[in-house]
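Report on one structure; see the data block that follows.
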Amino acid sequence: MNGAKDAGYRLRLAQGFLHEVRQDIPLARWRSAVDNAHMAIENAAKAVLALIGPVSRSHHPHHQIRQGLAMNVFPSHRRADIERLAQLAEGMGADVHIRTDYGDELGELTPW
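So the sequence shown is numbered by our numbering: it starts at 7 and just counts up by one.
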């Protein structure tokens with residue numbers, strides 16, 4: 007995929023997952039809401055990254071975003087938004103993905 011095409015695809019994914027979050031909340035489907043929020047944030051971050059180069063296959067896109075911020079590759083008028091996205095992505099790494107899908111195996115806690 008090229009950058010703009012990949013960014014558009016990732017943005018559509020983020021929007022779809024955000025739509026599901028909005029459906030989950032009134033139904034008190036908290037596990038699903040967190041899982042979908044994680045995917046919305048991750049794909050939004052990857053959409054931004056696709057505009058500046060290849061996107062890694064990782065649940066930690068905040069690392070690449072932070073590198074881009076340090077190198078000033080993003081438009082200055084979007085810097086605050088991108089910093090916020092990096093913060094959100096940092097809080098939603100692979101550990102959240104694992105807990106929302108599998109629970110805590112050591113503590114024998116299911117994700118529900």
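Each residue gets a CB set at the ideal place from its N, CA and C atoms; glycine is no exception.
If you're wondering where the values come from, they're calculated on a predicted model, not measured in any experiment.
Straight through space, the alpha carbons of S64 and G113 are spaced by roughly 26 Å. For the set M98, E111, L55, the Cα lying nearest the Cα of V40 is the one of M98.
Of all C-beta pairs linking the stretch 17 to 27 to the stretch 48 to 57, three or more are shorter than 8 Å, placing the two stretches in contact. Judged by DSSP secondary structure, F23 falls within the alpha helix (DSSP H) whose first and last residues are 9 to 30. Counting other Cβ atoms within 10 Å of its Cβ, A95 reaches 16 or more and is therefore classed as buried. With contact defined as three or more Cβ pairs closer than 8 Å, the stretch 52 to 62 and the stretch 78 to 92 are in contact.
With contacts defined as CB atoms closer than 8 Å, A92 and L75 qualify as a contacting pair. The beta carbons of V61 and N42 sit no closer together than 8 Å.
The DSSP assignment places no complete beta strand (DSSP E) segment of no fewer than 3 residues inside the stretch 52 to 114.
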